[in-house]
Every structure is written in C-alpha cells, then in structure tokens.
Amino acid sequence: CIDMRAAFASASPRSLAASTLRRTAPLHTEARIKELGLTLPAAGTPKANYTIACWESPTRLYLSGHLPIKPDGSMATGTVGGEGGLSLEEAQEAAKWCGLGLLATIQDQLGGDLDRVEQVVKLFG
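My numbering puts the first residue of the sequence shown at 3, with every later residue one more than the last.
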C-alpha cells in the first residue's frame, strides 16, 4: 500500500480535489496482455482438497493455491539458486506462469472482465 498521508501533506486542497475527481482512460487489460504477447491459460482448478478462489464479500476476492503451470501442462519446480537450483531467469519464468494463472482465475471469477479489478491488496510468493 502507498502511504497517502505523505502524498496528501504537500498537496493543496484544490489540487487534491481535482486529482481525486479526475477520471482516467479505460484500461482494456485483456488488450494490454495481448499487446505484451502473453496468453492467459484456462482458469485453474485445485490440485488438492482446497478452494482457489473465495469471495469474502461482493467486492473482495481471495485467491490461493496457484502453481506455475506451463502451457504444456508441466509445472516449474525447485528452489532458486545454489547447485542444481533454478536460475534467476527460470525462476522469473515460473513466477510469470503463476501470475498468468492468477489473472486467469480472476478473469473467470469476474465473468471475463479484468477491467473490473480496482486494487490488489496483497501478493505473496
């Protein structure tokens, strides 16, 4: 999260009001994903006895249990660094596949519209 107190401390009331009321351009998240040359996988399913998506309220979605599944169906495994471990590049690739899986689940839960996402509160990995 951003400490908004510091950002607002130096802002005048007029500029603060103008900045909070200003609308931004539509995001078109799916178009940006395609522009980056990425493709979302099919929304995942639990690999064990747990739930990967849980709505706490109509506006808050919790995700859990996403794995770095590659497009060929295999899973990236191992630790980063050390002898026999994943290289930094391999670890970054695994993180990318995990993130794309998270986005696919969010898209599935939101009926296909990633532009409905307003904020990511926490991300562990």
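Even glycine gets a Cβ: it sits at the ideal position worked out from N, Cα and C.
Since this is a predicted model, take the numbers as computed values, not measurements.
Measure the CB-CB distance between residue i and residue j and report whether it falls below 8 Å.
i, j, result
"Leu69", "Cys100", "yes"
"Leu112", "Arg118", "yes"
So the candidates are the options; which of them puts its Cα closest to the Cα of residue i?
i, options, result
"Lys36", "Ala93, Gly75, Leu116 and Ser89", "Leu116"
"Gly75", "Glu92, Leu104, Ser89 and Pro43", "Pro43"
"Gln94", "Ala106, Gly80 and Thr107", "Gly80"
"Ala97", "Val82, Ile108 and Gln121", "Val82"
"Gln121", "Met77, Cys56 and Leu63", "Leu63"
I'd like the list of long-range same chain contacts for residue i, defined as Cβ closer than 6 Å, with 5 residues on each side in sequence excluded.
i, result
"Ala106", "Leu42, Pro43 and Ala45"
"Arg25", "Caution applies to Arg25, whose pLDDT of 46 falls short of 50 and renders its modelled position unreliable; the value that the coordinates give is listed next. Around Arg25: no qualifying Cβ."
Excluding the five sequence neighbours on either side, which residues of its own chain have a C-beta within less than 7 Å of the C-beta of residue i, listed in chain order?
i, result
"Pro48", "Ile54 and Gly67"
"Glu58", "Tyr64"
So, helix, strand or coil for residue i, using DSSP?
i, result
"Leu102", "helix"
"Lys124", "coil"
Measure how close the beta-carbons of residue i and residue j come, nearest whole angstrom, since I'm counting them as under 8 Å.
i, j, result
"Leu102", "Leu38", "About 11 Å separates the two Cβ atoms, so there is no contact after all."
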